[in-house]
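Down below is the structure, laid out as structure tokens.
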Amino acid sequence: MEQLSPFDIVLFGGTGDLSLRKLLPALYRRHRAGQLPEDGRIIATARTPMSREAFLDRVHDSYRERLDADELNETEWRRFAERLAFVPVDATDSHSYAQLAEALAGRDGRCRVFYLAVAPGLFVDICRNLQANDLVTPRSRVVLEKPLGHDLASARAISEQIGAIFPEEAIYRIDHYLGKETVQNLIALRFGNTLFEPLWRREWVRDVQISVAEQVGVAGRAGFYDRTGALRDMVQNHLLQLLCIIAMEPPTSIEADAVRDEKLKVLRALTRLEGRSALQNTVRGQYRAGAIGGQPVPGYLDEDGVDEDSRTETFVAIKAEIANWRWSGVPFYLRTGKRLQERNAEIVVNFREVPHSIFDVTYGTGLPNKLVIQLQPDEGLRLHLMAKARGDQMRLRPAALDLDFAETFKQRQADAYERLLMDVLRGRLTLFMRRDELYAAWEWIEPILEAWNQAADAPKPYTAGTWGPAASSALLGREGASWHEEA
Ligand SMILES: NC(=O)C1=CN([C@@H]2O[C@H](COP(=O)(O)OP(=O)(O)OC[C@H]3O[C@@H](n4cnc5c(N)ncnc54)[C@H](OP(=O)(O)O)[C@@H]3O)[C@@H](O)[C@H]2O)C=CC1
Ligand SMILES: O=C1O[C@H](COP(=O)(O)O)[C@@H](O)[C@H](O)[C@H]1O
């Protein structure tokens, strides 16, 4: 295991939901695994003043709530707590950085990470105030949480202002989907094997489906979500990044820019959906009251903090196309939504039918060959094939080759944030978005948003606990396809 050099992580938003639920548990787990150097420190900041003891109590309480009993070892917790400090900072007030400057004094030579787990409206203020207080050292890095902007103009404004303070190679734009183990396995599958590459193209692939279904609703973030919607919250970042990994050309190496160059080409090759074509190739939905797992759930418009006339989409389905030699004419269907029937994220590559069948009878429906890459809740790969059914007749039936990662590797599955935080500390940018990728993603998303804004209709209602509006199935149905739904 590569040794990390001593570091100081300054966690802005250190008392927020993301820090308590994801970031601080991720750091604790890596501490427990012995992967953090002795002198790695974490300085949490937030606007509300509190003592270090009160902060530690809050973190400990949240660990008790969230970590498995066997993970929260009290001796390890006490050792981990020695790394933690708390300093109140009002991000918008340059004078309030004095105490932080004191905590960092004499530590300029160490790796310094500013993790901005705060609303993006504070990003520029924080970076400017860090600079004004001489806290940005040559070994500093800044981690930016999503959403990076609300549209192309705001993404550019944030990026340019932060880019005036931190060089591009010190900016880590997080997309936690890239930290998911299966997404990296997809890179391994594509570029560590010769098997798939000859088939990975328009001649053999009928369509690709990328689907991220959630059972949760707005989960206490209604204020943010109602201004954002599913297209900005999930498609602009997570789904487009998955699409890039699936569709990109083989990079020359696993180095950051080699991979990011290829992802950028995919984003730039996406056929623009605007005006009528945006309306024809997308479906927007909004959930109504229903039931999930037998429990009644309210409709979106009844959620606390949601405008009663809201037209915000909680579901999106899109037929996208990539205009290049490899993928021309292959639909990439994207789908994501809240309050759907199951929590399930998967990528399905549907291969074409055999050009001529020599068999009289086939069992099963759908295409005979598909590769299903399961991201969550379980991680795995399943290759669907046709095989002969037992018996005297030559009858085919579907069969599958299964690779269950948990079973195969028998190691604890690391949370995406663990991997990404370690990459920040190691200075590895491969799994982070570059500025031009961010712009290219917004350039594709923006015309869709404009078309929706100009459309007279509202998002199509769907009942919570279903797979979204009927129009989502119709989007594929009109081309003789259907969403992959495995029993
Ligand atoms: N929560 C999640 O699951 C995810 C969140 N994100 C992104 O991460 C960021 C943080 O989200 P989340 O943790 O949910 O937000 P929360 O509202 O839970 O937390 C916000 C944090 O920011 C601090 N803060 C707010 N204003 C200031 C200020 N003026 N100066 C200093 N600190 C301030 C708050 O401290 P105080 O209360 O003392 O003001 C609090 O610690 C957002 O950009 C969000 O979009 C991204 C993906 C998932
Ligand atoms: O970024 C976000 O992601 C989560 C879904 O992440 P997952 O790892 O649980 O699949 C989503 O719920 C949230 O709205 C969005 O901001």
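Just so you know, the numbering used here puts 1686 at position 247 of the sequence shown, and the rest follows in order with no gaps.
The C-beta atom is built at its ideal place from N, Cα and C for all residues, glycine as well.
Neighbourhood of residue i by C-beta distance below 7 Å, restricted to the same chain and skipping five residues each side
i, result
"Gly1618", "Ala1855, Tyr1856, Arg1858, Leu1859 and Leu1870"
"Val1651", "Met1673, His1677, Leu1678, Thr1775 and Ala1784"
"Asp1614", "Lys1585, Asn1676, His1677, Gln1680 and Met1872"
"Asp1875", "Leu1703"
"Ile1887", "Leu1670, Leu1712, Ala1717 and Thr1721"
"Arg1491", "Ala1524 and Phe1525"
First and last residue of the uninterrupted beta strand (DSSP E) at residue i
i, result
"Arg1865", "Taken as a continuous stretch (DSSP letters only), Arg1865 belongs to no beta strand (DSSP E), being part of the alpha helix (DSSP H) at Ala1855 to Arg1865."
"Ala1894", "Here Ala1894 belongs to no beta strand (DSSP E), and DSSP marks it neither H nor E."
"Ala1838", "Leu1835 to Asp1843"
"Glu1785", "Asn1783 to Phe1790"
"Glu1813", "Reading the sequence as shown, one finds Gln at residue 1813 and not Glu. Where Gln1813 is concerned, the enclosing beta strand (DSSP E) stretches over Lys1809 to Gln1815."
"Phe1562", "Not the beta strand (DSSP E): Phe1562 falls in the alpha helix (DSSP H), residues Phe1562 to Ala1571."
"Ser1579", "Ser1579 to Leu1583"
Check: residue i C-beta below 7 Å from any heavy atom of ligand 2
i, result
"Met1872", "no"
"Gln1815", "yes"
"His1615", "yes"
"Asp1672", "yes"
"Glu1653", "yes"
"Arg1661", "Per the sequence shown, the amino acid found at residue 1661 is Ala instead of Arg. No."
"Ala1508", "no"
"Ala1556", "no"
"Ala1784", "yes"
heavy atom of ligand 1 below 7 Å from residue i C-beta
i, result
"Phe1771", "no"
"Lys1585", "yes"
"Thr1751", "no"
"Pro1464", "no"
"Ser1960", "Within the shown structure, residues of the chain are numbered from 1440 to 1926, placing residue 1960 beyond reach of any answer."
"Arg1486", "yes"
"Thr1928", "Summary: the structure shown does not reach residue 1928, with the chain confined to residues 1440 through 1926, and so no result is reported for it."
"Leu1561", "yes"
"Phe1451", "yes"
"Thr1454", "yes"
Test: residue i CB closer than 8 Å to a CB of chain D
i, result
"Leu1864", "In the structure shown, chain D does not exist; there is a single protein chain."
Buried or exposed (CB count within 10 angstroms, at least 16 for buried), residue i
i, result
"Leu1634", "exposed"
"His1534", "exposed"
"Trp1764", "exposed"
"Asn1512", "exposed"
"Gln1832", "exposed"
"Ala1627", "exposed"
"Val1736", "buried"
"Thr1514", "exposed"
"Gly1927", "Nothing about residue 1927 can be reported from this structure: the residues present for the chain run from 1440 to 1926 only."
"Asp1748", "exposed"
"Phe1562", "buried"
"Ile1797", "exposed"
"Gly1714", "exposed"
"Ala1603", "exposed"
"Arg1612", "buried"
"Gly1733", "exposed"
Cutoff 6 Å; reference residue i; Cβ partners in own chain excluding five residues on either side
i, result
"Pro1690", "Ala1697, Val1698 and Glu1701"
"Leu1822", "Leu1810 and Leu1840"
"Val1657", "Tyr1664 and Glu1742"
First through last residue of the alpha helix (DSSP H) which encompasses residue i
i, result
"Pro1464", "Leu1463 to Arg1471"
"Asp1496", "Arg1491 to Arg1505"
"Asn1624", "Glu1620 to Phe1630"
"Ala1708", "Ala1695 to Ala1708"
Beta-carbon contacts of residue i that lie in its chain and below 8 Å, excluding the five residues immediately before and after
i, result
"Trp1883", "Leu1679, Leu1706, Leu1709, Arg1711 and Leu1712"
"Asn1720", "Leu1712, Ile1757, Lys1758, Ala1759 and Leu1914"
"Ala1540", "Asn1572, Asp1573 and Leu1574"
"Gly1907", "Val1722, Gly1724, Phe1754, Ala1756, Arg1774, Gly1776, Leu1779 and Tyr1901"
"Ala1661", "Glu1742, Asp1743, Gly1744 and Val1745"
"Glu1688", "Glu1701, Lys1704 and Arg1765"
"Asp1496", "none"
"Glu1653", "Thr1775, Gly1776, Lys1777, Arg1778, Leu1779 and Arg1782"
Near ligand 3: residue i beta-carbon under 7 Å from a heavy atom
i, result
"Ala1530", "Ligand 3 is absent from the structure shown, which contains only ligand 1 and ligand 2."
Measuring CB atoms only, is the stretch 1587 to 1598 touching the stretch 1779 to 1794, in the sense that at least three cross pairs come out at less than 8 Å? no
Any chance the stretch 1477 to 1490 sits against the stretch 1524 to 1533, with 3 or more Cβ pairs inside 8 Å?
yes
**OP:** Examine the Cβ distances between the stretch 1916 to 1924 and the stretch 1735 to 1754 and report whether three or more of them are shorter than 8 Å.
**Re:** no
Cβ pair count under 8 Å reaching 3, the stretch 1766 to 1780 against the stretch 1668 to 1683: yes
When you compare the stretch 1545 to 1553 with the stretch 1626 to 1642, are there three or more beta-carbon pairs, one atom per stretch, that lie closer than 8 Å? Here the stretch 1545 to 1553 does not lie against the stretch 1626 to 1642, with fewer than 3 beta-carbon pairs under 8 Å apart.
Checklist entry - Are at least three pairs of beta-carbons, each pair with one atom in the stretch 1453 to 1465 and one in the stretch 1556 to 1571, less than 8 Å apart? => result yes
Margin query: Measuring CB atoms only, is the stretch 1724 to 1742 touching the stretch 1897 to 1907, in the sense that at least three cross pairs come out at less than 8 Å?
Written below: yes
Inter-stretch contact (C-beta, 8 Å, three-pair minimum) for the stretch 1878 to 1896 and the stretch 1463 to 1474:
no
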